[in-house]
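Read through the structure below, which is laid out as structure tokens, and then see the notes.
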Amino acid sequence: MTVIKKKKRGFWYELITNRIMFLMLLPALLFFLINSYFPMVGIYYAFTKFDFNKSLFESDFVGLENFKFLWRSGILVRLTLNTFGYNLAFIVLGNVLAVALAIMLSELRLKWFKKLTQSVMFLPYFVSFVILSVIVYNIFNYETGFLNTTLKSFGMEPLDVYSKPVVWIFLIILFYLWKNIGYSMVIYLASITGINDEYYEAAKIDGANIFQRIWYITVPMLKTTFVMLLLFALGSIMKGQFDLFYQLVGNNGLLYNTTDILDTYVYRSLKVTFEIGMATAAGVYQSVFGFVLIMTVNWIIRRINDEYALF
């Protein structure tokens, strides 16, 4: 039997044959070229002592001096620990709580109460960080805030929350979860809705109670969604929630040790001190660290179960 090998088509053949499809990709391609790839030329700033009187390539080249300063001063270590630690807490607590809440909602039988609860939990996602900062300020303001007003009415001493760095670790995580957990919950709830009811019916016939059905059917069925969302989140684990941190903390130097992340440091370096070289160095470190991390995690997951890997 003779096997006829098909001639492999080249790129230009595919381009001409599917020119309409490629043309539809052009706007997206231009978007990423203009906003993501062309600005990468600015990486050169990380290796220079930028001078506003000179052009980009005329500024003094200092090699790795900007990176060395960030490392020796301890700034880079503190920013890395803060950024990584907060995002790790956001990812772990956010996904675990979202799964738990989605399972609880899926077990509700009153449809009107289920829809009402889902809407109430999803609503904070649409609250802007500016509005959130106003809410937080009116709660914790030392003189007129709701917290201290309540404490004073009971004859207790007011609490200066804005001078206690450790407290803000929990507050930032709390407000992040309050704002974003409803969105993640809806994704998991949609996955639960797609599970075939026959599994639950068979489990009921076998005598499984509600907790057994959740543990042996619902949770395993959510594993794929959980792993995919986890990988997507890990891809930006070194990209902090700039709006959240800046709006809640602002330029309060007393809180920098526990609330300063790479994004806020880069912003202040550009806005306040005009240290473009330092800011770019921190940004380059942030991108490289995040890239290595997602590649490593994806490689580990691919070795464990190839179906769950992103690529």
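FYI, in the working numbering the residues of the sequence shown are 3 to 313. Think of the CB as a built atom: it goes at the ideal place given N, C-alpha and C, for glycine as much as any other residue.
From the options, pick the residue whose C-alpha is nearest to that of residue i; which is it?
i           : options               : result
residue 123 : 111, 133, 136 and 106 : 106
residue 266 : 129, 249 and 286      : 249
residue 257 : 80, 42, 64 and 40     : 80
residue 90  : 212, 251 and 235      : 235
residue 170 : 71, 16, 240 and 142   : 142
residue 83  : 245, 263, 120 and 46  : 263
residue 165 : 261, 25 and 277       : 261
residue 228 : 189, 46 and 255       : 189
residue 232 : 64, 95, 75 and 44     : 95
residue 181 : 135, 29 and 225       : 135
residue 259 : 167, 21, 54 and 22    : 167
residue 98  : 284, 305, 283 and 224 : 224
residue 303 : 276, 230 and 285      : 230
residue 307 : 24, 226 and 115       : 226
residue 162 : 311, 254, 29 and 37   : 254
residue 126 : 176, 102, 30 and 29   : 176
Any idea if residue i is buried or exposed, counting beta-carbon neighbours within 10 angstroms, 16 or more meaning buried?
i           : result
residue 281 : buried
residue 140 : exposed
residue 13  : exposed
residue 133 : exposed
residue 247 : buried
residue 3   : Here the model assigns residue 3 a pLDDT of 49, short of 50, so the residue's position is not dependable, and the following value carries that caveat. Flag for residue 3 reads exposed.
residue 183 : buried
residue 204 : exposed
residue 271 : buried
residue 138 : buried
residue 69  : buried
residue 290 : exposed
residue 85  : buried
residue 240 : buried
residue 78  : buried
residue 293 : exposed
residue 288 : buried
residue 15  : exposed
residue 145 : exposed
residue 154 : exposed
residue 17  : exposed
residue 39  : exposed
residue 48  : buried
residue 43  : exposed
residue 191 : buried
residue 277 : buried
residue 209 : exposed
residue 52  : buried
residue 251 : buried
residue 243 : buried
So, under 8 Å CB-CB, residue i and residue j are touching, yes? Tell me the CB distance rounded to an integer number of Å.
i           : j           : result
residue 104 : residue 194 : 6 Å
residue 92  : residue 178 : 6 Å
residue 238 : residue 100 : Contact flag wrong, Cβ pair sits at about 17 Å.
residue 196 : residue 50  : About 53 Å; that fails the 8 Å criterion.
residue 131 : residue 245 : 4 Å
residue 286 : residue 45  : 6 Å
residue 284 : residue 66  : Contact flag wrong, Cβ pair sits at about 13 Å.
residue 88  : residue 174 : 7 Å
Could one say the Cβ of residue i lies closer than 9 Å to chain B's Cβ atoms, at least one of them?
i          : result
residue 59 : The chain labelled as chain B is not found in the depicted structure, where only one protein chain is given.
Answer yes or no: the CB of residue i versus the heavy atoms of the ligand ATP, is any distance below 8 Å?
i           : result
residue 306 : Among the ligands in the structure shown, none appear at all, so the ligand ATP cannot be discussed.
Taking only runs that begin and end inside the region 176-244, name each unbroken alpha helix (DSSP H) of 4 or more residues, in chain order.
199-207, 212-215 and 225-236
Sufficient close CB pairs (3 or more, under 8 Å) joining the region 142-156 to the region 59-71:
no
Counting only runs that start and end within the region 83-126, where is the alpha helix (DSSP H) found for 4 or more residues in a row?
Correct list: 113-124.
Any chance the region 289-303 sits against the region 109-120, with 3 or more Cβ pairs inside 8 Å?
no
Taking only runs that begin and end inside the region 8-49, name each unbroken alpha helix (DSSP H) of 4 or more residues, in chain order.
13-19 and 21-34
At least 3 beta-carbon pairs within less than 8 Å: the region 210-220 vs the region 152-166:
As far as the Cβ criterion goes, the region 210-220 does not touch the region 152-166, which means the pair count is below three.
Of all the alpha helix (DSSP H) runs that stay within the bounds of the region 241-291, which reach a length of 4 or more residues?
244-251, 258-261 and 264-270
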